[in-house]
Amino acid sequence: MNGFEIIQKMSFKYINWFMKNNCFTQFGARYISGGNQKVLFSQSSIMKPKVLITNPTIPQIGIGLLQKKCEVIICRDKPPSRQEILDKVKGVHGLFWCSTERLDEEVLNLAGPQLKVASTYSAGYDHIDVDLLKSRNIKLGNTGNVSSDCVAEVAVGLCLMAAHRLAEGRDFALVSKMVHGNVDPSWLLGHELRNSVIGIVGLGGIGAEIARRLKAFKICDILYAGNREKQEGRDLGAKFVPLDELAEKSDFIVISCLLNDKTRNMIGRDFFEKTKCSAIVVNVARGEIIDQEALIEALNCGRIWGAGLDVTTPEPLPPGHPLLSAPRCVITAHQGTATKKTRDEMAALTAKNILAALFDEEMPSRVV
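Okay, so the sequence shown: first residue is 9 according to my numbering, each after it adds one.
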C-alpha cells in the first residue's frame, strides 16, 4: 500500500489530529516513504473533506464553521437548481442540503461512495430518501428542535389572525372601509381562544411549544393525536385521543406533525366531516398533510369556520388558486422559521452535524 492509499484509508478525525499537532510531515517521512527523508505528504497537501452547500443564501455562520475544516463548495443558483447540484456533487464527503429538491438515488450515485453525511437545513426531511441513505450507511442530520419556539409563535399568530379576522380587517383599513362597532355590532365578528378546546396533531417539539403558549390564553382543554401517548403531553395536562375524536371536539386544530406516507393527505374529507362548523384549522407543518381540495370545500360550504396556513401545496400558490379566495382563510409565506436568530441557529446546527459525522463524533441532531 502506498502513501496515498494510507491517507485515503485514514479517518478525517485522525488526519485532522496529525495536522493540528504538526506531525504529519514526520509521519509522512517515516511511514509513507519507507524511511527515506523525502516527504511525500505535507500538512498543506493533505486533502480536506469536501462539503457541498446547495444554497448560497444560508447564514454565514454555517459556512464559516465548515470552512475551518473542510473544502466548501457552494451552489450559486437562487433558488437552488437541481442541475447545478448534480454538476457539483461529485466527490463530496458531506451535503449541506438547503433545497426543496429531492435528495435521492440520482444525487447519491453522482456524489460517489465516499459520501458520509447529509444534513438538511430543516426539521422535516420528507424531501430526502431516508431509507436509501440508511442502506448506504450515510448519516442524516436535521435541525431538530432549534426552530420549535419560532414556529410555535407563528402558529399562535395564525390562530389569532384567523379567529379575529385580522387580515380582513387590515384589508378594509387599507381602503378606508372601516365600520365602527357602534354602527354595526355584527361587523367582522370572529372567535376567541378563551375557553376553547385546542387540538394539536403531532405533539413533537413544535407541538409542545404551541401547547405551552396557548395555555396562556385561558383555554379549556388541550387534546393531541399522534403515534403514541407522550410524557410531555401528560406534563402539559394534554389528553391523548384518536384523530377522529380530536376533529369532533376541537375549536382550534393545529397541525405540527412530520410529513410522511402516513400523514400525507391525512386531513381530508373524512376529517372535515367530523369537525365543528366553528372550527379553525392551522397548519405550520407541510402543505401536503392537508388535502387542499377537501379544505377548499370545507371552507366554502361552512364545514369549518376558517383556516390559517403557513404552508400550502405548491408554494407559492399560483394566481387565481381557489384557496386564495376561500372565505376566512389566512395564508402566509412559509415564514415559520423566518427570524435571524433561528435561521443562524439552524445553519450552525446543520454545519455541526456535518463536521461531527466527518470527524467520527456524535452528531448533535441525527435522524439516521
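No residue lacks a Cβ here, since even glycine has one placed at the ideal position from N, Cα and C.
Between residue i and residue j, what straight-line distance do the alpha-carbon atoms span, to the nearest angstrom?
i    : j    : result
E79  : S107 : 20 Å
G316 : E256 : 19 Å
T340 : P324 : 9 Å
S258 : P330 : 26 Å
V375 : N150 : 7 Å
S52  : N117 : Annotation note: pLDDT 47 at S52 (below 50); position unreliable, coordinate value reported separately. Roughly 30 Å between the two C-alpha positions.
K96  : I81  : 8 Å
L357 : G70  : 8 Å
M354 : N308 : 38 Å
E92  : D85  : 7 Å
G234 : V262 : 12 Å
V125 : L140 : 12 Å
K56  : K77  : 7 Å
F32  : G165 : Low local confidence applies: a pLDDT of 49 at F32 is under 50, so the model's placement there is unreliable, with the coordinate-based value given in what follows. One C-alpha to the other measures close to 56 Å.
T321 : G295 : 5 Å
R110 : D134 : 9 Å
L148 : Q68  : 22 Å
T202 : M371 : Residue identity check: residue 202 is Arg in the sequence provided, not Thr. For R202 and M371, the distance between alpha carbons rounds to 42 Å.
E369 : I304 : 48 Å
P87  : N63  : 7 Å
Is the distance from the Cβ of residue i to the Cβ of residue j below 9 Å?
i    : j    : result
A119 : V138 : no
D269 : V292 : no
S127 : L94  : no
V154 : S373 : yes
L254 : K223 : no
R272 : I297 : yes
I275 : V209 : yes
C167 : F260 : yes
K160 : M169 : Correcting the residue identity first, residue 160 is Ala in this sequence and not Lys. Not a contact, by the Cβ cut-off of 9 Å.
Which residue comes first and which comes last in the alpha helix (DSSP H) that contains residue i?
i    : result
V289 : V289 -> not in any alpha helix (DSSP H); beta strand (DSSP E) instead, spanning 288-291.
L366 : 348-366
K257 : 251-257
C158 : 156-171
Determine the extent of the beta strand (DSSP E) in which residue i is found, giving its start and end residues.
i    : result
D229 : 229-233
A315 : 314-317
F180 : It is not in any beta strand (DSSP E) - F180 instead sits in the alpha helix (DSSP H) that spans 174-182.
Tell me, which residues are paired with residue i by DSSP?
i    : result
F248 : Y232
G149 : S127, R374
I298 : I275
Nearer than 8 Å: is that true of the beta carbon of residue i relative to any heavy atom of the ligand NAP?
i    : result
T128 : This structure lacks the ligand NAP; in fact it carries no ligand of any kind.
Touch test, the region 236-243 against the region 173-191, Cβ-Cβ under 8 Å, three pairs minimum: no
Contact between the region 207-219 and the region 154-167 (3+ Cβ pairs under 8 Å): yes
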